[in-house]
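Chemist:
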Amino acid sequence: MQSSVSYPWKEFYDEVFFRVTFKVLEGKEWVDSLKKRDIGVGESAYDLLVPKKLFSTEGKKGIKSKIILLRGSQLCGVGNKISVWKILVGASKRGLIHPNPEIACLICQNFTSKDIRQMGFDVVYIMHSSIVDSEEDRMRFVVNAHGEDLFLNASMEKEWTQRTDKIGFAFEVPE
Numbered sequence: 004m005q006s007s008v009s010y011p012w013k014e015f016y017d018e019v020f021f022r023v024t025f026k027v028l029e030g031k032e033w034v035d036s037l038k039k040r041d042i043g044v045g046e047s048a049y050d051l052l053v054p055k056k057l058f059s060t061e062g063k064k065g066i067k068s069k070i071i072l073l074r075g076s077q078l079c080g081v082g083n084k085i086s087v088w089k090i091l092v093g094a095s096k097r098g099l100i101h102p103n104p105e106i107a108c109l110i111c112q113n114f115t116s117k118d119i120r121q122m123g124f125d126v127v128y129i130m131h132s133s134i135v136d137s138e139e140d141r142m143r144f145v146v147n148a149h150g151e152d153l154f155l156n157a158s159m160e161k162e163w164t165q166r167t168d169k170i171g172f173a174f175e176v177p178e
């Protein structure tokens with residue numbers, strides 16, 4: 004008899020799908036919640052989360068959202084440079100939309116570092132509309148699964164040249 008393992012995500016054609024339920028917490032509440040679960044919160048993420056009302060999730064509490072993680076290699080081939088523009092064009096062609104930034108916190112809350120690596124990713128960039136930080140840089144949240152525990156941070160928009168097959172880009176699937 005063959006045993007099967009069930010995961011809280013589905014994989015089709017090298018794309019990973021899962022659902023998250025909005026909690027509607029404010030920035031400091033999210034930081035406290037993540038730290039209780041031993042999830043690191045980097046200074047850049049903290050700076051984006053705490054001082055402002057970041058998430059426009061009013062009326063979304065309890066609403067589920069379907070998320071897709073695309074591999075960088077799916078969007079531009081293995082070994083090629085990939086830019087935010089190429090990622091957004093590729094997602095637009097698939098009818099995907101920017102997720103709410105809260106998705107970064109929900110991914111950290113619902114998955115472990117091991118789960119993210121099991122999906123085939125080392126890093127997941129949340130492709131929400133970019134947030135301008137105090138230094139006028141355009142930032143996006145990043146979930147890092149390199150270590151034993153997840154680490155939430157924020158990163159400036161950039162080009163990626165490393166192994167793009169291990170980089171995930173999170174979008175929302177419209178329902």
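The numbering used here runs 3 ahead of the 1-based position in the sequence shown. All C-beta atoms, glycine included, are put in the ideal place defined by N, C-alpha and C. None of these values were measured; they are calculated from a predicted model.
In angstroms with no decimal places, state the Cα-to-Cα distance between Ala107 and Arg22.
Modeler: 13 Å
Chemist: With distances taken between CB atoms, is the gap from Ile71 to Glu14 smaller than 8 Å?
Modeler: no
Chemist: I'd like to know whether the C-beta atoms of Phe172 and Met122 end up nearer to each other than 8 Å.
Modeler: Between Phe172 and Met122, the C-beta gap is not smaller than 8 Å, which leaves the two residues out of contact.
Chemist: Apart from the five residues just before and just after Val8, which ones in its own chain have a Cβ nearer than 8 Å to its Cβ?
Modeler: Per-residue confidence for Val8 stands at a pLDDT of 47, beneath the threshold of 50, marking its modelled position as unreliable; the derived number appears in the next sentence. Result list for Val8: empty, nothing under 8 Å.
Chemist: For the beta strand (DSSP E) that Arg97 lies in, which residues bound it at each end?
Modeler: First-last for Arg97: undefined, no H or E at that position.
Chemist: Using the three-state DSSP reduction, which class does Arg120 fall into: helix, strand or coil?
Modeler: helix
Chemist: Tell me the rounded alpha-carbon separation between Trp12 and Asn147.
Modeler: 18 Å
Chemist: Put Val92 into one of helix, strand or coil per three-state DSSP.
Modeler: helix
Chemist: Thinking just about the alpha-carbon of each residue, which of Ile42, Leu51 and Glu29 is nearest to the one in Met142?
Modeler: Leu51
Chemist: Spatial neighbours of Tyr49 within its chain, please: CB distance less than 8 Å, with the 5 preceding and 5 following residues excluded, ordered by chain position.
Modeler: Val34
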